[in-house]
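As you go down the protein sequences, you meet chains C, B and D in turn.
Every number in the numbering used here is 910 more than the matching position in the first sequence, counting from 1.
Every number in the numbering used here is 1 more than the matching position in the second sequence, counting from 1.
Every number in the numbering used here is 1 more than the matching position in the third sequence, counting from 1.
Here a beta-carbon is modelled for each residue, glycine too, at the ideal position from N, C-alpha and C.
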Amino acid sequence: MRFMRSYLWYLIGLVALLVLPQVVSSPYIMFLLNMAIIFVILALGLNVVFGMTGMLNLASLAFSGIGAYTSGILAVKLGLPFPLALIGAVVVAMLFGLMVGLPTIRIGGHYLAFMTIAFGEIMRLIFQNWTPVTGGALGLSGIKYASIGPLVLKTHWSYYHLSLTLLVIMVYVANRIRVSKLGRAFEAVRGSEVAARALGINTYYHKVLAFVLGAAFGGVAGTLYAFLMRYVDPGTFTFEESARVLTMVMVGGRGSIPGVIIGAFLLTFLPEWLRFLKDYYMAMYGLGILLIVLFLPGGVISLWDKVRSRFAAGRRAPAAQTSAGKR
Amino acid sequence: MALLEVTRVSKRFGGLVAVNEVDVTIEPGEIRGLIGPNGSGKSTLVNLVSGVYRTDGGEIKLEGRNITNLPAHTISHLHVSRTFQTIRLFGTLSVLENVMVGFYSRSKTNLTDVILNSPRLAREEAGLRKRAEELLELVELKPFKDQPGKSLTLGRQRVLEMARALATEPKLLILDEPAAGMNPSEKEWLVDVIRRINQSGVSILLIEHHMPVVMALAKRIAVMNFGLKIADGVPEEIRNNDAVIEAYLGRREDNAAIG
Amino acid sequence: MGSLVQIAVNGLAQGSIYALMALAIVVIYNTTETFNFAQGEFVLLAAYVSASLMGIMPWYLAMLVAVAVIALFGATVFQRVAYWPLRNSTFEFVIVSTLGVSLFLRNMAKIVWGAIARPYPEYFGGVWRVAGVSIVKQHVLILAMTGGLILLFYLFMMKTTVGAMMRATAQNKQAATLMGVKVSRMVALTYFFAALLGSVAGILVAPIFFLTIDMGMATMTKGFAATIVGGFGSIPGAIVGGLLLGLVEAFATAFISPVYKDAYTFVTLLAILVFLPRGIFGERIAEKV
C-alpha cells in the first residue's frame, strides 16, 4: 500500500508536468522547464553517487559535459540521429564514470571530493582546449533539431515531451535502484563500509558501480542539453554548476527521489521567482540556500515527512509502545 | 574438526603488539566466551578473524580451510558474520531493510533484473522479505520493522545488528560487546536472544565485558590481557584463575585511582 | 639566466597566493573536517574593501583596515552563521551552507561595486633592476608578506599555548575538549586565520589582476589544486603545492605558450593524481574501526 501511495504522487506530478505546457505561453518558461528536467536528471545521478552511496562527487557537470560533447559530435560529425547519439553519449559517460570510479577504491570520503573537483577542472580544460574535436572556446555548433523518426522537434514545447519521456525513464530507473537490493547495498556502503563488507557486500565494486550508474544519468542530461541548445558551450560545465547540482540534492532532501526532483525544480525556478528583488535576487537565492540547510537539514521533502509522521503518530500511538521483549 | 581455529595470530600497530600469538578454537554449535580488560586485544582479534585487519603472523582456519587475510566480504560469504562494538547500523534504512542488506550475497538476480523489475526479482524480494521478517521475529523486533533503524533504543539497535548478521546465514556469529550500554532488563533479554540464536544452530563467539552475561552463556571462556591469552577454560576455572583475577583486580585498582 | 630568475620570482609570487589559499583550506579542514567554499569571497571582499578605503586613507592603512575587518568578520559572523550551527552535521552540509554564503557575498559585492572589472589602485608599482634582472616590486612584496605571514603562523602554532591547543583540536577534538580546550574558540580562531590568509591574498593579488566578481572563485579553485598537489590536510604540503603550481605555471607560460595557462595547473594535478595519489605530503586515510 505504501508503494501504491508513492506511485500515486509520481502520477500526480506527471499529470501536472503534462498539463503545464498547455498553460505556458512563454518560450523562455518552456526553456526553463526543459532545463529543470535536465537538472533533475543530473541531480538524480548525483543522488545515486552521493545521496545513496555517500561519495561526494563535485564534478556532476563534467559527466553531463562528456554526454553533451559526445552526442553533439556524433550528431554533427557523423550525422547520427538523437536516439543513437543518446546511446553513444551514455556509453561514453559510463566509461568515464568507470575511470573516475576505479581510483575511489583506494580513496575515502573527503579526499574523494577533492579528486572530483580536480577531475571536473581537467574535463573543463579539455572541452575548452581540444579545439579539433570539441570546437575549443568557440564551442560546438551545428547540431540539428532533435528528431525521432519522422518527428522533428523544433520548439521548446515539442522538445519538452522528449525531455519528459526521458525524465520518466530516469526517475523509474532511479527508483528501481533505490528500492532494490542495489539501493540497499549503496545505502549500506554510505552507512558504514566496514559493516557492509562484514555482510558480504563487495564495497569496492559497488562504489565503482555507483559512479558508472551516476555517469549514465549525466550522459542523458548532457545529450538533452546539447539538443536543446543545439550548441555546446565549454563555459557551461564548471565547478560552480556542479556545486549547484549538489545544492539541489541537499535542498530537496538527500537520498529521497521525490526530494531531489523538488530540489532541482525549486532551484531552477527560484531565481526567476526572485526577479522582483531586481539586483538582489541572486544574493537572496544564496541566502535561501543557507536558510534551508540551517533550518531544514532533511531538505524540503522533510517538511512532508514531518506532516505525515504527525498524522501517523496520532493514529499509531498504541502500537508504537509495544515492547520488544517479554521481560 | 573445529569450526574456527586461530593459531598463533599476531597484530602490531606501530610498536604496540595488540594481539600476540593468540590461539583460540571454536567447536561447532558452542557459545565461546572471550573476555579481558579494555584494550586487551579482544576487538582486534575479532577484526583479524572477520578480515577487517590483516594479520602480522599466524593462521586462521574455518572448517580446515585457511581464511587468513581474505577480504572481509569473502569471509562473510564463507558464513562468518559479526556485529560491532560501536553500532554500525545503516541509518537511512528501515529495520527490515537493514536485515535485507544481509541477504545481498545470496541474491541470484543481476542489474538487468533490478532495472526491469523482472518477475524473478519480485519473487526473490518477496521471499527475502518474508525471511527477514522471520529473523526479526526470532529477535523480537518485528513490531519495529518499518521504522528507521536508528530510531530504536540502543539495546534494540544491538540486537538488530545481530538479526542483520544472521541474514548472511552464518555458521559462526561474532558478537563484539553486545551488552554494552544495555540496562539490566535489556541484558536479560539479550541473553535470551543469544541463546535462541545458538539453538537455531549458529555457533557464537561472544566478546563481552559484563561477566554475568558471559558466565550465563559460554561453556568455555578465553581471557586476554595486553594482547596475550592468559587463560582458557570452563567458567569455574576462569573465576578462580589467579592471572585473571589479577588482570581484573589490577584494572579495578587503576579505576579507583583515577575516579 | 637573468630571465630564468625573473620567471622563477614571478612563479613563486603567484605560487605564494595559491599557498595562502591552500593553507586556509587546510587549516579549516584540520579543525572542522569540512571545507569552506566561501574562502574565495574573503579574497574578493578584501580587494574591494581596501580599494574603496584607499579613497579616504593611505594605501597601507586601507589594507590593514580591510584585512582586519575581513579577518574579524570570518572569525565572528561568518563562522557563526555558516559553520557553527552545522558543526555536528556531516561535512557536506557545511559545503552547501558556505556555497550559499558565497553566492550571497559575491552578489552583494556585485551590487555594491558593480559587475564590471576594474583596475586596482597601484600602490607598490615599478620594477627593480638587480644585476641585469628586472624584478617586479609587487612580486617581492608578495613573497615578503607571504613568507612573513607563514613564519608568524608557524611560530604561533608551534610556540604558543593557543597554537598547541589548535593542534590538539586538529588531532583529536574529543581529547582536546577533555583537556579543557574550548572548541568554539578554536573554531573562531581557525576562521580568523582562514579569513586573514584569504584577505591578505586578496590585497596582494589584486594589483596583478583586475578586480572582478569572480576573482575569489578563481583563486580558491587554484588553492584546492595546490592542496591536492601538496597532500590532503598537510600544512607543509599546502605551501609546497602552492609554490610548485606557481612555478609550473610561470615556466610553462614562458617556454610553451601562455594560451593554456590554466591547463598547466591541471596537467600537474593529473600527474600528481596518477603518480602520487595522496599528494607530496599526503597521509593514508581509512575508516576507523
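**Message:** Give me, in chain order, the residues of the same chain whose beta-carbon lies closer than 7 angstroms to that of Lys220/B; leave out the 5 immediate sequence neighbours on both sides.
**Reply:** Glu31, Ile32, Val235
**Asked** Can you find a C-beta in chain B that's less than 8 angstroms from the C-beta of Leu1109/C?
**Response** yes
**Request:** Identify which residue in Phe104/B, Glu6/B, Glu209/B has its Cα closest to the Cα of Gln86/B.
**Result:** Glu209/B
**Request:** Residues of the region 1017-1043 of chain C with a CB closer than 9 angstroms to any CB of chain D: list them in chain order, please.
**Result:** Ile1017, Gly1018, Gly1019, His1020, Tyr1021, Ala1023, Phe1024, Met1025, Ile1027, Ala1028, Phe1029, Glu1031, Ile1032, Arg1034, Leu1035, Ile1036, Gln1038, Asn1039
**Asked** Would you call the CB atoms of Phe92/D and His1020/C closer than 8 angstroms?
**Response** yes
**Request:** Might you give, ordered along the chain, the residues of its own chain that have their beta carbon closer than 8 angstroms to the beta carbon of Leu1180/C, omitting 5 neighbours on each side?
**Result:** Tyr1195, Gly1198
**Message:** Once DSSP output is grouped into helix, strand and coil, what is the label at Tyr30/D?
**Reply:** helix
**Request:** Whole angstroms is fine: what's the gap from Arg55/B's alpha carbon to Thr69/B's?
**Result:** 8 angstroms
**Prompt:** By DSSP, does Gln1231/C sit in helix, in strand, or in coil?
**Reply:** Caution is warranted here: a pLDDT of 38 is assigned to Gln1231/C, below 50, making its placement in the model unreliable, and no coordinate value can be reported.
**Message:** Short of 8 angstroms in beta carbon distance, which residues of its chain neighbour Val96/B, apart from the five on each side in sequence? Order them along the chain.
**Reply:** Leu137, Leu142, Phe145, Lys146, Asp147, Gln148, Pro149, Gly150, Leu153, Leu161
**Request:** Step through the CB atoms of chain C and report whether any lies within less than 8 angstroms of the CB of Val290/D.
**Result:** Since pLDDT at Val290/D reaches only 42, below the 50 mark, its modelled position is unreliable, and the value read off the structure follows with that caveat. Val290/D counts as touching chain C.
**Request:** Compare the C-beta of Glu1151/C against all C-beta atoms of chain B and say whether one is closer than 8 angstroms.
**Result:** no
**Prompt:** What separation, rounded to the nearest whole angstrom, lies between the Cα atoms of Ser1051/C and Ile1079/C?
**Reply:** 28 angstroms
**Test: Tyr54/B CB closer than 8 angstroms to a CB of chain C** = no
**Closer than 8 angstroms to chain B by CB, Ile1087/C** = yes
**Prompt:** Counting contacts by CB-CB distance shorter than 8 angstroms, is Pro1207/C in contact with chain D?
**Reply:** yes
**Prompt:** Taking the C-alpha atoms as reference points, what is the distance between Ala171/D and Ala239/D?
**Reply:** 16 angstroms
**Prompt:** When you compare each of Ser90/D, Ala255/D, Val260/D, Pro237/D to Ala20/D by their alpha carbons, which one comes out closest?
**Reply:** Pro237/D
**Asked** For a contact meaning CB atoms closer than 9 angstroms, what does Ile229/D contact in chain C?
**Response** Tyr1021, Phe1024, Met1025, Ile1027, Ala1028
**Cβ distance (whole Å) where Thr84/B is taken to contact Arg159/B below 8 angstroms** = 7 angstroms
**Prompt:** Would you say Asn944/C reaches chain B, if we count a Cβ-Cβ gap shorter than 8 angstroms as a contact?
**Reply:** no
**Message:** I need the DSSP call for Ile1027/C, collapsed to helix, strand or coil.
**Reply:** helix
**Message:** Can you tell me where the alpha helix (DSSP H) holding Gly955/C begins and where it ends?
**Reply:** 937-956
**Message:** Please state the DSSP three-state secondary structure of Phe14/B.
**Reply:** strand
**Item:** Where the region 10-42 of chain D meets chain C: residues whose CB sits under 9 angstroms from a CB there
**Value:** Tyr30, Glu34, Thr35, Phe36, Phe38
**Message:** Starting from Arg224/B, trace the beta strand (DSSP E) in both directions and tell me its first and last residue.
**Reply:** Note that residue 224/B is Val in the sequence shown, not Arg. Val224/B -> beta strand (DSSP E) spans 221-226.
**Beta carbon of Arg9/B nearer than 8 angstroms to that of Gly42/B** = no
**Request:** Take Leu13/D and list the residues in its own chain whose beta-carbon comes closer than 7 angstroms to its own, dropping the five residues that flank it on each side.
**Result:** Leu144, Leu244, Gly247, Leu248
**Request:** Look at the Cβ atom of Thr1133/C, then the Cβ atom of Ala978/C, and state whether they are nearer than 8 angstroms.
**Result:** yes
**Asked** For Ser152/B, which residues does DSSP report across the bridge?
**Response** Answer is none; Ser152/B lacks a bridge partner.
**Asked** In angstroms, rounded to a whole number, what distance separates the CA positions of Ser200/D and Thr191/D?
**Response** 14 angstroms
**Message:** Quick check on the burial criterion: 16 or more other C-beta atoms within 10 angstroms. Buried or exposed for Thr1044/C?
**Reply:** buried
**Message:** Let me confirm a value: Phe973/C is counted as buried when at least 16 other C-beta atoms fall within 10 Å, else exposed. Which label applies?
**Reply:** buried
**Message:** Whole angstroms are fine: how far does the CA of Ser1152/C sit from the CA of Ile131/B?
**Reply:** Strictly speaking, residue 131/B in this sequence is Lys, with Ile absent from that position. The alpha-carbon atoms of Lys131/B and Ser1152/C are separated by roughly 42 angstroms.
**Message:** Once the 5 residues before and after Phe1121/C are set aside, which same chain residues still bring their CB inside 8 angstroms of it?
**Reply:** Val959, Met965, Asn967, Gly1007, Leu1008, Val1010, Gly1011, Thr1014
**Prompt:** What is the DSSP secondary structure of Ser1073/C, reduced to helix, strand or coil?
**Reply:** helix
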